[in-house]
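What follows is a single structure, written as structure tokens, with notes after it.
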Amino acid sequence: MILIDGKKAAAELRAELKQEVTELKGKYNKVPGLTVILIGDLTPSQIYVRNKEKSATEVGLKSEVIRYPDSVEEKTVLEKIKELNIDETVSGILVQLPLPKHIDKKKVIEAIDPSKDVDGFHPMNVGNLSSGYESSVPCTPLGCYLLIKKIEPNLNGKKAVMIGRSNLNGKPMTQLLLKENCTVTITHSKTKDLKAECLEADIIIAAVGIPELVRGDWVKKDTIVIDVGINKTDNGIVGDVHFDEVSKNAKALTPVPGGVGPMTIACLLKNTIECFKRSQI
Ligand code: NAP
Numbered sequence: 014m015i016l017i018d019g020k021k022a023a024a025e026l027r028a029e030l031k032q033e034v035t036e037l038k039g040k041y042n043k044v045p046g047l048t049v050i051l052i053g054d055l056t057p058s059q060i061y062v063r064n065k066e067k068s069a070t071e072v073g074l075k076s077e078v079i080r081y082p083d084s085v086e087e088k089t090v091l092e093k094i095k096e097l098n099i100d101e102t103v104s105g106i107l108v109q110l111p112l113p114k115h116i117d118k119k120k121v122i123e124a125i126d127p128s129k130d131v132d133g134f135h136p137m138n139v140g141n142l143s144s145g146y147e148s149s150v151p152c153t154p155l156g157c158y159l160l161i162k163k164i165e166p167n168l169n170g171k172k173a174v175m176i177g178r179s180n181l182n183g184k185p186m187t188q189l190l191l192k193e194n195c196t197v198t199i200t201h202s203k204t205k206d207l208k209a210e211c212l213e214a215d216i217i218i219a220a221v222g223i224p225e226l227v228r229g230d231w232v233k234k235d236t237i238v239i240d241v242g243i244n245k246t247d248n249g250i251v252g253d254v255h256f257d258e259v260s261k262n263a264k265a266l267t268p269v270p271g272g273v274g275p276m277t278i279a280c281l282l283k284n285t286i287e288c289f290k291r292s293q294i
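Add 13 to a position in the sequence shown, counting from 1, and you land on the number used in our numbering.
Set out below in structure tokens:
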């Protein structure tokens, strides 16, 4: 079984991006800039944002974090986004989710200029992705896609089963797989026989949020299994896939932690650089 090392893949991607930033600096005499808006003091969000900032600086991006207290008014955030939309030094804008209840997530996402939407959540980018046009792609599915391609460069005709249909993971992931000519089955909480669906799959991506849902006897030999789940349990952090059981059958499997997670941030940096390059044309 191939243990898909997301930490190593992310480090390789960051090294490539660092080189690219150096070249862009030589060509344009400026570097891509990433601005993150962080509202409130939720610990996981603080940790994510700190890691994003650290990684952005490591590859040579201009990185800025704008912090607001939980009580910030929605209009203050929307006005700041408007400012950032026209700031030429800002290539990418990310508003860290979740937001406090009094702030409308949809309004915030739609306020971001789609050409600076490094999370790929703006409806324009969602539409572009599903139409097969150039767009920012949500970072976690993009990371999963790059990991799958490392194991299997040619996905033509492969059967893929996506477990979960969220806007964040499931839906964009299926678009990426369709583009690669996979036959994709999208499953969710109302799917009748998930095990039977999984047993048909050459590729399984689990983005559910249920600890160790995917069991060893759900996976046929030679399946690539990507575990997006991050679940806190009494035994520590586990994924949506039963690692010990599935590793006995799968061709390749991502661990949790150390699989998809590190790729998510590296893909955010990649998206920022792509936004910068598109803005120079
Ligand atoms: P989400 O929005 O809660 O969506 C979960 C999906 O799973 C839904 O589509 C739901 O179906 C489906 N589901 C629930 N129970 C199911 C079942 N028994 N069988 C099949 N499908 C079922 O979750 P998300 O935001 O996509 O996140 C999923 C997981 O990924 C979480 O553990 C999260 O922490 C993790 N995550 C990791 C990263 C990373 O960087 N590694 C990034 C983001 C998220 P319905 O649509 O029918 O409700």
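We treat Cβ as the ideally placed atom computed from N, Cα and C, and that holds for glycine. Note that this is a predicted model, so its numbers are computed, not measured.
Using DSSP's beta-bridge definition, name the partner residues of residue i.
{"i": "Gly-177", "result": "DSSP lists no partner for Gly-177."}
{"i": "Ala-265", "result": "Ile-15, Ile-237"}
{"i": "Gly-105", "result": "Leu-47"}
{"i": "Ile-216", "result": "Ala-173, Ile-237"}
{"i": "Tyr-81", "result": "Ile-52"}
{"i": "Lys-95", "result": "DSSP lists no partner for Lys-95."}
{"i": "Asn-3", "result": "This structure cannot settle anything about residue 3, because the visible part of the chain is limited to 14 through 294."}
{"i": "Ser-76", "result": "Leu-47"}
{"i": "Lys-245", "result": "Ile-250"}
{"i": "Asp-130", "result": "Ile-106"}
{"i": "Val-227", "result": "Val-254"}
Got a sec? Which residues, its chain only, sit under 6 Å from residue i by beta carbon, not counting five neighbours each side?
{"i": "Cys-211", "result": "Val-174, Ile-217, Trp-231"}
{"i": "Lys-75", "result": "Val-44, Gly-46"}
{"i": "Ile-265", "result": "Contrary to the premise, residue 265 reads as Ala rather than Ile in this sequence. Ile-15, Ile-17, Ile-164, Ile-237, listed in sequence order."}
{"i": "Pro-127", "result": "His-135, Met-137, Asn-138"}
{"i": "Ser-260", "result": "Met-14, Leu-266"}
{"i": "Arg-80", "result": "Leu-51"}
Which value, in whole angstroms, describes the spacing of the CA atoms of residue i and residue j?
{"i": "His-135", "j": "Ile-239", "result": "25 Å"}
{"i": "Asn-180", "j": "Thr-153", "result": "11 Å"}
{"i": "Lys-184", "j": "Tyr-158", "result": "13 Å"}
{"i": "Ile-164", "j": "Lys-192", "result": "17 Å"}
{"i": "Ile-199", "j": "Lys-119", "result": "24 Å"}
{"i": "Val-78", "j": "Ile-125", "result": "16 Å"}
{"i": "Leu-53", "j": "Gly-105", "result": "Residue identity check: residue 53 is Gly in the sequence provided, not Leu. Rounded to the nearest angstrom, the two C-alpha atoms are 21 Å apart."}
{"i": "Lys-31", "j": "Gly-229", "result": "39 Å"}
{"i": "Ser-68", "j": "Asp-235", "result": "34 Å"}
{"i": "Gly-177", "j": "Gly-39", "result": "43 Å"}
{"i": "Lys-245", "j": "Lys-21", "result": "24 Å"}
{"i": "Glu-101", "j": "Pro-166", "result": "37 Å"}
{"i": "Gly-145", "j": "Asp-247", "result": "42 Å"}
{"i": "Lys-5", "j": "Ile-116", "result": "No statement about residue 5 is possible, as the shown extent of the chain runs from 14 to 294 and does not include it."}
{"i": "Glu-66", "j": "Val-131", "result": "14 Å"}
{"i": "Pro-113", "j": "Thr-56", "result": "14 Å"}
{"i": "Ile-99", "j": "Leu-207", "result": "47 Å"}
{"i": "Val-269", "j": "Ile-243", "result": "7 Å"}
{"i": "Asn-284", "j": "Val-103", "result": "13 Å"}
{"i": "Lys-172", "j": "Asp-215", "result": "5 Å"}
Quick one: what's got a C-beta closer than 7 Å to residue i's C-beta in the same chain, skipping five residues either side?
{"i": "Ser-58", "result": "Leu-51, Gln-109"}
{"i": "Asn-194", "result": "Leu-168, Asn-169, Gly-170"}
{"i": "Glu-147", "result": "Asn-141"}
{"i": "Asn-182", "result": "Thr-153, Pro-154, Ala-220, Val-241"}
{"i": "Ile-122", "result": "Phe-134, His-135"}
{"i": "Ser-3", "result": "As displayed, the chain neither begins before 14 nor continues past 294, which places residue 3 out of reach and without an answer."}
Tell me which same chain residues have a C-beta within less than 8 Å of the C-beta of residue i, skipping the five on either side of it?
{"i": "Val-34", "result": "Val-44, Pro-45, Val-72, Gly-73, Leu-74, Ile-286"}
{"i": "Leu-297", "result": "Any answer about residue 297 is impossible in this case: the structure gives the chain only from 14 up to 294."}
{"i": "Leu-11", "result": "Nothing can be reported for residue 11: it is not among the residues displayed for the chain, which extend from 14 to 294."}
**OP:** Check whether the region 272-281 touches the region 22-30, counting contact only when three or more Cβ pairs, one atom from each stretch, lie closer than 8 Å.
**Re:** yes
Subject >> the region 241-254 contacting the region 221-229, beta-carbon criterion three pairs below 8 Å >> reply: yes
Original post:
What are the start and end residues of each continuous alpha helix (DSSP H) run of 4 or more residues lying completely inside the region 182-217, in chain order?
Top reply: 183-192, 207-212
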